[in-house]
Ligand code: IPM
Ligand code: MG
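Residue numbers (our numbering): -15 to 340.
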């Protein structure tokens, strides 16, 4: 079980440390950790947000545990040197095209949601976001038109094989849940989305047991706050998935609780190679103060045990320990409480040990 640990910037190192303590408490045999620099931290030390050594460490591992990237001191660098390019580079270099972002309401936190508690209580969904295509990775630029006006442009495209493979991931994920899949696009306006929809329908033939429907992204954004209980698995492109997953996080109360797995095709001895990260960013405003909520990273480590290491029982134990800590009122500042990073880590570890 070789894990590449990439703590990154801002609160990344603090939250990653707590996730590692939780893994350590499980006392799993054969755990090997190797750490490397990424993001602004790597830029300041090595002149690049994703140095070749870091990529090597990630490639040589069975799974990557990732903190966060983003550093305001890098905001004026050329785009290819900005911290965000590190995560985009990892996702694309490692072929991690399927991003799983579960959003579930933890009992007792309904009041933290921006939604009415009785609506918030319904949330139990999984966003399957395509991660290697779309405007994120298309050609882009800023050009000067003949009339002298500057024009920014980003190319949006999806090939049918890209849509097909993420559709398969989503249908398979739906089968492990309530067998309902909503494909989100903007097929009323975009050709990219029309092809997306056509290919998802083709793939659906192979999954007659999964109920498929389609929704335009603007409607999906509305439905997500109006009646989130209608969603089980949502599959969508890179850009729409980025936006809808942040929205889903606020529906459950805090972005500090949402974990993610990014998976590709490469298999490990007991699962799929993947990168695991909290969906929140580096939160530079609270970095280094021991205030950040590490739960999203701890839950990402649980996803790692499940998807890359075939350790479902341990993954479920971590998730139960986090839920128990929340139910006992161990709340970080993001949830209106005052528990610090380490205190939350301690609380999860102690519940993990008492439920074993
Ligand atoms: C995310 C983030 C990234 C993204 C940024 C940091 C490039 O917002 O993981 O959702 O847009 O994918
Ligand atoms: Mg995002």
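Every residue gets a Cβ at the ideal spot worked out from N, C-alpha and C, and that includes glycine.
With DSSP run on the structure shown, which of helix, strand or coil describes residue i?
{"i": "residue 18", "result": "strand"}
{"i": "residue 276", "result": "coil"}
{"i": "residue 308", "result": "helix"}
{"i": "residue 316", "result": "coil"}
{"i": "residue 335", "result": "helix"}
{"i": "residue 324", "result": "coil"}
{"i": "residue 83", "result": "strand"}
{"i": "residue 239", "result": "helix"}
{"i": "residue 129", "result": "coil"}
{"i": "residue 62", "result": "coil"}
{"i": "residue 181", "result": "helix"}
{"i": "residue 115", "result": "coil"}
{"i": "residue 135", "result": "strand"}
{"i": "residue 210", "result": "helix"}
{"i": "residue 289", "result": "helix"}
{"i": "residue 108", "result": "strand"}
How close, in whole Å, do the beta carbons of residue i and residue j come, if the pair is a contact with beta carbons under 8 Å?
{"i": "residue 229", "j": "residue 113", "result": "6 Å"}
{"i": "residue 204", "j": "residue 168", "result": "5 Å"}
{"i": "residue 263", "j": "residue 239", "result": "6 Å"}
{"i": "residue 292", "j": "residue 255", "result": "5 Å"}
{"i": "residue 346", "j": "residue 244", "result": "The structure shown does not extend to residue 346, since the chain spans only -15 to 340, so no value can be given for it."}
{"i": "residue 111", "j": "residue 218", "result": "5 Å"}
{"i": "residue 232", "j": "residue 208", "result": "6 Å"}
{"i": "residue 20", "j": "residue 41", "result": "4 Å"}
{"i": "residue -11", "j": "residue 4", "result": "7 Å"}
{"i": "residue -7", "j": "residue 53", "result": "5 Å"}
{"i": "residue 186", "j": "residue 50", "result": "Actually they are not in contact, since the Cβ atoms of residue 186 and residue 50 sit about 33 Å apart, beyond 8 Å."}
Which residue comes first and which comes last in the beta strand (DSSP E) that contains residue i?
{"i": "residue 166", "result": "164 to 169"}
{"i": "residue 252", "result": "243 to 252"}
{"i": "residue -14", "result": "-14 to -8"}
{"i": "residue 200", "result": "195 to 200"}
{"i": "residue 48", "result": "47 to 52"}
{"i": "residue 173", "result": "Unbroken run through residue 173: none, as it is neither H nor E."}
Is any heavy atom of the ligand MG found at a distance shorter than 7 Å from the C-beta of residue i?
{"i": "residue 230", "result": "yes"}
{"i": "residue -7", "result": "no"}
{"i": "residue 226", "result": "yes"}
Where do the ends of the alpha helix (DSSP H) carrying residue i lie?
{"i": "residue 222", "result": "222 to 235"}
{"i": "residue 155", "result": "144 to 159"}
{"i": "residue 262", "result": "Element bounds for residue 262: not the alpha helix (DSSP H) but the beta strand (DSSP E), 255 to 262."}
{"i": "residue 5", "result": "-4 to 10"}
{"i": "residue 24", "result": "24 to 30"}
{"i": "residue 95", "result": "Counting along the chain, residue 95 falls outside any alpha helix (DSSP H), and DSSP gives it neither H nor E."}
{"i": "residue 77", "result": "68 to 77"}
{"i": "residue 44", "result": "36 to 44"}
Here's the rule I'm using: 16 or more other beta-carbon atoms within 10 Å means buried, otherwise exposed. How should residue i be labelled?
{"i": "residue 66", "result": "buried"}
{"i": "residue 242", "result": "buried"}
{"i": "residue 273", "result": "exposed"}
{"i": "residue 246", "result": "buried"}
{"i": "residue 278", "result": "buried"}
{"i": "residue -13", "result": "buried"}
{"i": "residue 297", "result": "exposed"}
{"i": "residue 170", "result": "buried"}
{"i": "residue 0", "result": "buried"}
{"i": "residue 150", "result": "buried"}
{"i": "residue 153", "result": "buried"}
{"i": "residue 192", "result": "exposed"}
{"i": "residue 190", "result": "exposed"}
{"i": "residue 69", "result": "buried"}
For the ligand IPM, is there any heavy atom lying closer than 7 Å to the beta carbon of residue i?
{"i": "residue 265", "result": "yes"}
{"i": "residue 68", "result": "yes"}
{"i": "residue 72", "result": "yes"}
So, does the CB of residue i fall closer than 8 Å to a CB anywhere in chain C?
{"i": "residue 35", "result": "This model lacks chain C altogether; it includes just one protein chain."}
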